[in-house]
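Presented below is the structure to which this report refers.
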Amino acid sequence: MFRLTVERERRGWSKTRLAILMEIHPATLGKVERGQLPAFPSYCQKLEEIFGIPADKLFEEVEDKCAKQ
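The numbering of the sequence shown is the UniProt record's numbering, which starts it at 1 and goes up by one.
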């Protein structure tokens with residue numbers, strides 16, 4: 001899981017809300033969050049503006065503490 005997902009959830013935002021802020025489709029955001037679609041420069045710039053966090057930090061892998069082991 002990317003830090004992006006953690007930051008979005010920490011703010012209580014749905015994928016739909018963040019997608020609206022980014023001006024992209026929620027399904028596209030879901031693919032970006034899962035690493036199935038590259039984070040295009042325009043997405044990175046928008047995410048940096050929204051979160052105030054550098055994109056390279058938002059796309060760092062973080063441990064999913066709820067994942068089954």
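Just so you know, even glycine gets a beta-carbon here, dropped at the ideal spot from N, CA and C.
query                                                                                                  : result
Close Cβ partners of residue 5 (< 6 Å) along its chain, the five nearest in sequence each way excluded : 33
Beta-carbon spacing of residue 48, residue 39 below 7 Å                                                : no
One or two residues paired with residue 61 in a DSSP bridge                                            : 2
Cβ neighbour criterion (16 or more within 10 Å) applied to residue 7                                   : buried
Cβ distance (whole Å) where residue 57 is taken to contact residue 3 below 8 Å                         : 6 Å
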